[in-house]
Each structure stands twice: as structure tokens, then as C-alpha cells.
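Going down the list, the protein sequences come from chains X and E.
Numbering-wise, the working numbering comes out as the position in the first sequence, counting from 1, plus 1268.
Numbering-wise, the working numbering comes out as the position in the second sequence, counting from 1, plus 55.
Ideal Cβ placement from N, Cα and C applies to all residues, glycine included.
Input: a single structure, listed below in C-alpha cells.
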Amino acid sequence: MSIDMAQFHQAFFEESFEGLDAMETGLLNLDLGDADVEEINTIFRAAHSIKGGSGTFGFTDIANFTHVMETLLDEMRDGRRQVTQIAVDTLLRSVDCLRDMMTATSEGTAIDQANVAKHKEELDNLLHGGAGTQTAEVSQAPGDNTGKRGDGQGWQIVFAPHEHLLRTGNDPVRIFRELGELGGLRAEADIAQMPALADMDPEVCYLSWDLRLLGAAPRVAIDDIFAWVEDDADMAIVDLDQQDEIKGEVSPLKEVDAETAPPSPAKTANPPAASAPTTPGGSEERRKPVAGGGGSNANSGSIRVGIDKIDGLINMVGELVITQSMLGMLGEHFDMSKVDRLKDGLVQLERHTRELQESVMRIRMLPISFTFSRFPRMVHDLSSKLGKKIELVMSGEHTEVDKTVIEKIGDPLVHLVRNSLDHGIEMPQDRIAKGKPETGIVHLNAYHKGGNIIIEIKDDGKGLPAEKLLAKARQRGLVSEDANLGTKQIYELIFLPGFSTAEQVSDVSGRGVGMDVVRKNIQALGGTIDIESEEGVGTTFTIRLPLTLAILDGQSVVVGDEIYIVPLVSIIESIQIKPQMINLVAGRGEVFRLRERYLPVIRLNEIFGIPNARAKDLSEGLLVVVEGDGQRCGLFVDDLQGQQQVVIKSLEANYRRVDGVSGATILGDGSVALILDIPGLLRLAGRNQPLEQRLSA
Amino acid sequence: MASILAVDDSASMRQMVSFTLKGAGYEVVEASDGVEALNVAKTRNVNLVITDVNMPNMDGITLIKELRALPSYKFIPMLMLTTESAMDKKSAGKQAGATGWIVKPFNPDQLLATIKKVLG
């Protein structure tokens, strides 16, 4: 039988990557000196599964490498080896190496053997206290070492099972059947131990056997057959060539396969299962996937979905079908007396559709721990590199987020956490000098709030130096000398392109990716980022992201014949303004005063060139006060329509990127409405204004 | 046709075992750890159990011990999936009542050959 093993590869890689993550987490959690056995066991189990799987699916390199790790872990588990920092670090590096190997294998590219050899040597050194090349058990066994005999008379086998043999699920008849395949077999049962029928326990094996296996079967093959029961029976195997005289007369009580031809050498190519690795055919089978099945389908994106979610979905579809059939029946013989039932049905339909939509959305939701899980390792590595003592606290790891957000939020978060480690947390001696605990804390937190997910990165470090930031911004010409900025606006400066706070760019942060990129990435996900900071106390970055990227809560606004959608999260309020609130400022266009602040007015009809807007004068229409990037402005529109959830259709995928517009949606009447991108609009409107005016507006 | 309970915490191994056995016409019930397997075993009878040894929640050896204590599983063959090196596991498994073992790594043909022998 040939089974294409490649079909299981994807599942294998998925669980192996999970296993590697589990190993890494486990290793980071280990307490040196006094390690929790259960924790080591978890790590061991992950390594063990990877070894078993990779061996089975033919990834010999991975299996060999994992074997060495497993041996090391096994010794730690049994207490034969101390859990030292060196061992943990070596294992962590090996996990990285293994991950590289796994990635290379899944993508069908070559494994970096030099790197593997380096790490393997490191492990071997640790294992043996010196250079050693241990041959892994899973390496290809030599073809046939079963020690074939020449023609011979055969074997005498005395087989006296212990009483409990049957209760191990072993059946002597099976054993005899297998022996019969090796050659002619005669079996004689010894019934001396049989009790009287009345005393007999049917679950006990009272029989023993004297067996003659005729022909030239190899001893190994016989041993294999008895391998499972050798501890459950008294046995003797005697070579008939060497002992011609056998005690007693052999009277064939039962003859099994007496006609079986004496075995040819070819028979040994198909020995019983316990000798698996010696099968030449088998080793060939196992080599095949290495050559061919590299990573055929490793990249097809898949998602693991909990059964409860699927069940919820099926349940919801069931409800929908019931509602649909109810409406169908109603429609067959409809008259006006049934109009109330029709309305009820439609309400139900709406509810079920919404619930179905939510259930489908939930499928794409994954816990944020997928992103958070990389940080313990990062903090561990970086803090020792920086010579700082830092503890990472994580909470809300189970908060669920859209899969795309999970994939895209990783890099910005890494950057922010790096910043906190590098620039935020002080050196231990500085902290002590300031009366703070020696160990700094970085807190990653995630939670749901409204229709958003909030991610906080909080450190108890030195905080942002507002004065320094402002001085630097002035020096770079990003802010004019006389601009009067509030603290919050000064913090916003770090998001400007070309602004780096580090006096020296270290290799930890400052890799050419600035905070401006962080903000841009977050905005691309429809999110915002805020800073709160206090000098000497710490800094908190708050990222606010939509729960899903496919649906948006929007407010429809009317301008002329057009309808636009304003994301509800951006809206502060909508107001009707009186003429006395409006000012015209030279060089800054229209502004209006709202609670002692002057906000610029953006006329949507001008930005989008709509000729037939109803409201020409500001007091005729409405101002929708919106916020984006920490700046506020009033969008001037004719009128407001309802609020609704809209399904976002990408403009870029269907047309091209348009400034000030983040996407489009299709309204209930079939027409298309553009979804406004508020930060983009602000940029569009303020393109020609100097920065500080925008900031102080 | 005989039914087989396949227990392994690794989904890929389970898939492979299950696919192989189903292809040979066996009915296969899967479980991802000892606890789940025990629950399955209590609700229905199978003709053979194949279990991994290292698993979370309940390992294979404990599973075998627990299963053997059930009247309907007293004589049912139970095989452990284990690596060659784990001699202590083999004997611990035997003590617990395992019928035998299949050595990892194995390929589908080896698995089927063993199963066929045990089930006859």
C-alpha cells in the first residue's frame, strides 16, 4: 500500500510550530535550580512529539536534532541534570534553530546544515561535556541485520505464559499464527496446570506450549514475535541444530500451517512489526517525503477554529433556515391580515442574519496571545543584553482579535516593547538611586472596550522628557521656535517622520523603523495610538483597534447627492453652529470656536468637488466634529442619516488608493458610498499649512 | 469490520493512523488524550486500542491501566506507540496491561501489518 504522506505534512508543521512555541514558553518559565518537573515535562513532551512526527514523516534531520534536545530534557526531567542558565539558553537557541529547520522544510528550501551542526555540537557538548557525535536512534537503520541462518532443522520453543497473559490482550493463537508464517510449526499444549472445571477461572491462562518451528527462520524474527510477551511468560528457545536430542516425544497436538514452505530469505524482508526500522522497504518509504514532499501545501493559510464556534454557526444557520421557511409559507397565501406576522418574521430574519454574521466573524477571531507569546523571549533576551532587570507582565492574553490584526500588529508591538525596554526602563543602579525597585516592569495588557480592542504597553521607566522632545523638534525644524504646545502635543511629535529620541541609535531599537511607521501600521488597521507619560514614573502607549476589519460602525452623512460613511469611532459630536462661532483666520481658512478651542472646518463638498451641495453657508448645514491622530476638526456636511454597520470593500483591491478615503461600501439601495479616512482627510486638508498651526489649532 | 480507538495528542499522527486504518477498512475512533479516550471507551466498545504514551491530561500508560480495569476491555488488545529507546516505557506499559507496542517512527505499511496480525 502506498499512502502519500505529504498530505499530513501541513498538520505536522502546524502542530510542530505550536510545540516550538510551547517549548520556548516553558523554557522561559523554568526556575533555575528548582525547576518544576511538570514544566520540564511539557517541554519534553513537545520535543518528543516533534521527534516522533518528524521521524514518521521522513524529516530525518529534524528528528535527529530533536533527539539530542530530547535526551537533554529527559535528563533534566529525571533530575540527572541540573537546570542551569547555560542549558536553558542552549535549548532556547536550539528551539530557534529547530524553528529555522522547520520553516526551511515546510517551504521546501534547504536546511542550513552548518547552523544545525553548530547547534548540535553545542547540545552535544552540554550532554557529554565534550565533543561527541551521538547517533540518533531514528537515523536510518542498516538494511538487514537479522542474522539469517543457513538451512537448519529449526527451533524448539518452550512457551509457558504467566496466568495473566490473556489480560494483556495477547492471544497465543496470534503468536502461533505469526510463527507459522516463518516455517512449519508444531505446537504441543501442556495441560498439567489445568484445574477441575469447577475451579477454572476463564480469564486465566493455564496452558503452556512446546513448539517446534521447522526450517531456517532467523532467531531475530522469533524474538520479534515474542517481544510483546517475553515478560509475561517463561520461555526457552533452543536451536535444534545444536541440540538434536529433545526431551520427550513430540506428539503433534495441533498443527498450524504444516504445509507452509520453508521460508525463503525474502521472508525476512517482511518481519513482524516490532522490528520496524530494519525493513528495507520501510526505510525507502520514509525517505521519499524528504525528496518530494518538501512543502507542497505548507503555505495555504489555514485557521484553527474551536468546535464551539462551528457549533454556534451551524445552530445559527439552522435558525435562519427555519425563519426562511416560515416566511416562505407566509408568502404562499399572503393577505393583509398576515402583515403583522410578516413583520415579526422580518425582525427575526434580521436578528438571525446579524447573529450569523457575528458568528462568522468570530471564526476569524484569535486570542491576542498569538502575538503576545513572542514577548517573554524577547524581554528575556534583550534585558540581559541591555544589562537591565525587567519583568514582563501580561494580562488579557485571551482577548480575541481579528486574524489580520494579529498578523499585522506584531511588528508595531515589537517596536513599542523594544522602545520601552531600551529607552523606558532605566539601568538597575539608576532605578535604585531614584528609589524605585531594581526590576522594571513592562506590562502588556489587552481588553475589549466598546467595539474596539485596546492594547496597552505600560512601563514604569523614566517617562518621556517633554522638554528634550520639544528642543529636539525645534532643532530639527519640525516645530517653529514660538509654537506653544501642550504636553500631549509634544508627545505626538515622536510620531513625526525623522524624529528619533535616542541620543545614540542602539542595536536594540532604532533599526531605522521609527514611531511614524508604527503609527502608520496601526492606522492601516483602522486604529489609533495614544501616549500617556509622566517623567520618572513611566509611559503608557494605548493602541485602539477595531475588532474586525471587515465591518465598520458608521454614520452616514449627506453631501449633495452623495452619501459618505464616517467611522463612528472618529466622531466626537455633531453640532449645528451659529454664525458667531465662525472665524476667518488669514492663511488658516475657516475655523470655528467650540468650548474655547478653535477647530478648522473641512468642507467635504470642496474636498471631493461636489457641485450641488445644499448647504453653502456654514450655519445651514451640520458640522461633524471628528478626531484623527489627536487632532480635531469639523466636517461640514448637508445632513446626517442613520448609523449602521457597513461591510468594508477595499478600494485598493477594486480601484486604487484614494487620499482621504479608506474604502467603500454598498448601501441598502444598492448604491456605493465611500468610507472616509479621517486622518487622511486631515492631512489632505492641511497639506499646505505649517505643522504647528495644525497642532495648535 | 473491526473498530479501533486511536489516541494521540498529535493531530498529524492521529490523521496518519486514522487515514491508514480507514483505508484498510477499519472503523476508527479518535481521541486526543487519555481522558478523552477513556470517555470514548466507556460509551462504546472497540476491538483494539492504539495509544501514544506521552500525552497531556492522561498519559498512555495510565490510560491502558484504566481501560484494563473496565470489564469490557479486559482482553482487548492495546498497543502503545513508543520510541525504540524508551525501554522503561515499554515495561511500564506492559505492567499496566499493554498488549504490545509499535515502535516510532513507523510507516503506514508497518502499522497495518501489526494491526492485521493482532486482529487476525
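Using a CB distance below 8 angstroms, the part of the region 146 to 161 of chain E facing chain X consists of Ser146, Lys149, Gly152, Ala153, Thr154, Gly155, Trp156, Ile157, Val158, Lys159, Pro160, Phe161, ordered along the chain. Residue E:Ala66 holds the alpha-carbon nearest to the alpha-carbon of Ser1284 (chain X) among E:Ala66, E:Thr75, E:Ala57.
Per DSSP, reduced to three states, the secondary structure at Ile1459 (chain X) is coil, with no helix or strand assignment.
For a cut-off of 8 angstroms, the C-beta gap from Leu1447 (chain X) to Cys1473 (chain X) is around 17 angstroms, too long to register as a contact.
DSSP places Tyr1715 (chain X) inside the beta strand (DSSP E), whose first and last residues are 1708 to 1717. The beta carbons of Ile1916 (chain X) and Gly1931 (chain X) sit closer together than 8 angstroms. Cβ contact annotation for Ala1953 (chain X) (same chain, cutoff 6 angstroms, sequence separation greater than five): Ile1870, in chain order.
Contact annotation for His1648 (chain X) against chain E: no contact, minimum CB-CB distance about 25 angstroms [criterion: below 8 angstroms].
For a cut-off of 8 angstroms, the C-beta gap from Val1894 (chain X) to Ile1946 (chain X) is around 5 angstroms, short enough to register as a contact. Within the same chain, and ignoring the five residues on either side of Ala57 (chain E) in sequence, the residues whose Cβ sits closer than 6 angstroms to its Cβ are Tyr81, Asn102, Leu174. Annotation: Arg99 (chain E) has no Cβ neighbours in chain X at a cutoff of 9 angstroms; minimum Cβ distance is about 18 angstroms. Arg1622 (chain X) and Glu1587 (chain X) have their alpha carbons spaced roughly 12 angstroms apart.
Relative to Arg99 (chain E), the option among E:Asp164, E:Ser127, E:Gly155, E:Ser87 whose CA is nearest is E:Ser127. The three-state secondary structure of Asn1393 (chain X), taken from DSSP, is helix. Against chain E, the beta carbon of Thr1334 (chain X) has no neighbour under 9 angstroms; the closest one sits roughly 11 angstroms away. Residues of chain X with a Cβ closer than 8 angstroms to the Cβ of Ile131 (chain E) are, in chain order, Gly1437. Judged by their CB atoms, Gly115 (chain E) and Met142 (chain E) are not nearer to each other than the 8 angstroms cut-off. In the structure shown, Asn1720 (chain X) falls within a strand segment according to DSSP collapsed to helix, strand and coil. Counted as a single uninterrupted DSSP element, the beta strand (DSSP E) harbouring Arg1861 (chain X) occupies residues 1857 to 1862.
Phe1333 (chain X) sits buried, since 16 or more C-beta atoms from the chains shown fall within 10 Å of its C-beta.
By the Cβ test, the region 1386 to 1398 of chain X is in contact with the region 1352 to 1366 of chain X, since at least three Cβ pairs between them sit closer than 8 angstroms.
When CB distances to chain X are screened at a threshold of 8 angstroms, the residues of the region 108 to 134 of chain E falling below it are Asn109, Met110, Pro111, Arg123, Lys129, Phe130, Ile131, Pro132, Met133, in chain order. Scanning X:Glu1800, X:Gly1708, X:Gly1451, X:Gly1376 for the CA closest to the CA of Asp1728 (chain X) turns up X:Gly1708.
Positions of the beta strand (DSSP E) runs, each at least 3 residues long and wholly inside the region 1597 to 1628 of chain X, cannot be given because no such run exists. No Cβ of chain E is located within less than 8 angstroms of the beta carbon of Arg1349 (chain X).
For the pair Arg1630 (chain X) and Lys1577 (chain X), the Cα-to-Cα distance works out to about 7 angstroms. Sorting E:Leu167, E:Ser146, E:Thr138, E:Leu166 by C-alpha distance to the C-alpha of Thr1436 (chain X) places E:Ser146 at the top. Cβ neighbours of Ala1460 (chain X) within its own chain (closer than 7 angstroms, five residues either side excluded): none.
Listed along the chain, the chain E residues whose CB falls inside 9 angstroms of the CB of Thr1324 (chain X) are Ser67, Met68, Met71, Lys159, Pro160, Phe161, Asn162.
Counting only residues of its own chain and dropping the five nearest sequence neighbours on each side, Gln1353 (chain X) has a CB closer than 8 angstroms to the CB of Leu1300. Annotation for Val84 (chain E): the continuous beta strand (DSSP E) segment containing it runs 82 to 86. For Arg1361 (chain X), the enclosing alpha helix (DSSP H) starts and ends at 1353 to 1375.
Collapsing the DSSP output to three states places Ile1845 (chain X) in coil.
Between the region 1685 to 1697 of chain X and the region 1632 to 1640 of chain X there are fewer than three inter-stretch CB-CB distances shorter than 8 angstroms, so the stretches are not counted as touching. Residue burial annotation: Val1853 (chain X) is exposed, with fewer than 16 other C-beta atoms found within 10 angstroms of its C-beta.
DSSP places Tyr1474 (chain X) outside both helix and strand once states are collapsed to three, so it counts as coil.
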